[in-house]
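A.B. asks: Residue numbers (our numbering): 27 to 305.
Glycine included, C-beta positions come from ideal geometry on N, C-alpha and C.
What you are looking at is a predicted structure, and each value in this text was computed from that prediction instead of being measured.
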């Protein structure tokens, strides 16, 4: 690991100013479960590391009827997996957070860290897409929200502007609790990276399908959702939907799986998720 300069700002303004000053030479440190590993392996070489764990307010989870649930940038996966509101109203995200690495990793890993890496296989990205979440950011222009559908641009690339820091994620409040399943297919077990992951949910009366590891970014299967709109989830409809979804993905061959294998798994996971919703 190469040497680097370390800063631990106490305010968002200070952290943003450091990002502006050092630009691409700087990396944000939160849980560190990805950044530190990449630095140790020689994949990432930041000259400056900006540790945001000392900034007040980023370790909170807050719910209200108007805004929904806001999850701060420093809330860990294990905190999420045990949160009463998340388990009651957005269980699919709690389930996904429980699949991230080992228990020890989840004690440090955060939701915000998982999505800001912008990996196509991020475990928590598909529930957030299915839930129409918003990413809360702070930068030189103050605070703003970005739709999760606009956040991912390409492999490990987001739409964040210069000096912007992700400070949390907001889940809209739904009149009824969200139903659905999160499924992760991996070579070994939950500790491994996903070969394919899928969130199939029903929220506000509509079926949403989000998929990971099958495109340069996590995606929503919009064509499949449109096909399902207003239809009863019969065996025939579910089978048709599991075929339509293949036209929306662009998987690749890599060390974890072949393109064909991923296509086969997508069909299975979507079918399983829709069958579960039909019960």
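#1: Can you give me the start and stop residues for the alpha helix (DSSP H) that residue 175 sits inside?
#2: Do the stretch 170-188 and the stretch 277-292 make contact, defined as three or more Cβ pairs closer than 8 Å?
#3: Skipping 5 residues on each side, what residues in its chain have a beta carbon closer than 7 Å to that of residue 61?
#4: Taking the straight line between their C-alpha atoms, what separation do you get for residue 283 and residue 166?
#5: Could you tell me whether the Cβ atoms of residue 147 and residue 29 are closer together than 8 Å?
#6: List the DSSP bridge partners of residue 32.
#7: Where does the unbroken beta strand (DSSP E) through residue 228 begin, and where does it stop?
#8: Which complete alpha helix (DSSP H) runs does the stretch 125-182 hold, if anything under 4 residues is left out?
#9: Should residue 225 and residue 152 be called a contact, given that it needs their Cβ atoms to be closer than 8 Å?
#10: Does residue 27 pass the burial test, meaning 16 or more other C-beta atoms within 10 Å, or should it be called exposed?
#11: So for residue 98, helix, strand or coil by DSSP?
#12: Can you tell which of 38, 37, 45, 112 has the C-alpha that lies nearest to the C-alpha of residue 203?
#13: So the beta strand (DSSP E) residue 197 belongs to, where does it begin and stop?
#14: Checking the sheet assignment: what are the DSSP bridge partners for residue 92?
#15: Out of 274, 195, 119, which has the shortest C-alpha to C-alpha gap to residue 86?
#16: Is residue 115 buried or exposed, if buried means 16 or more other CB atoms sit within 10 Å of its CB?
#17: So who's on the other strand from residue 246, going by DSSP bridges?
#18: Tell me the DSSP secondary structure of residue 110 in three-state form.
#19: Assign residue 3 to buried or exposed, taking buried as 16 or more other Cβ atoms, counted over all protein chains shown, within 10 Å of its Cβ.
#20: Assuming residue 52 is part of the beta strand (DSSP E), what are its boundary residues?
#21: In terms of residues, what are the limits of the alpha helix (DSSP H) holding residue 299?
#22: Less than 8 Å between the beta carbons of residue 300 and residue 191, yes or no?
#23: If you run the structure through DSSP and keep just helix, strand and coil, what is residue 209?
#24: In angstroms with no decimal places, state the Cα-to-Cα distance between residue 163 and residue 177.
#25: So, helix, strand or coil for residue 103, using DSSP?
#26: Along the chain, where does the alpha helix (DSSP H) containing residue 118 start, and where does it finish?
C.D. replies: Considering the structure as presented:
#1: 174-177
#2: Between the stretch 170-188 and the stretch 277-292 there are fewer than three inter-stretch CB-CB distances shorter than 8 Å, so the stretches are not counted as touching.
#3: By the criterion of a C-beta distance shorter than 7 Å, residue 61 is surrounded in its chain by 53, 55, 70, once the five residues flanking it on both sides are discounted.
#4: When rounded, the distance between both Cα atoms is 42 Å.
#5: no
#6: 75
#7: 220-229
#8: Entirely contained in the stretch 125-182, the alpha helix (DSSP H) runs reaching 4 residues are, in chain order, 129-132, 137-142, 151-156, 174-177.
#9: yes
#10: exposed
#11: Looking at residue 98 - three-state DSSP - the assignment turns out to be strand.
#12: Residue 112 is the option with its Cα nearest to residue 203.
#13: It spans 191-197 - the beta strand (DSSP E) in which residue 197 sits, taken as one unbroken run.
#14: Bridge partners of residue 92: none, in fact.
#15: 195
#16: buried
#17: 236
#18: helix
#19: Residue 3 cannot be examined here, being either before or after the span of the chain that is shown, 27 to 305.
#20: 52-55
#21: 285-304
#22: no
#23: strand
#24: CA-to-CA, the gap between residue 163 and residue 177 works out to about 11 Å.
#25: helix
#26: 117-123
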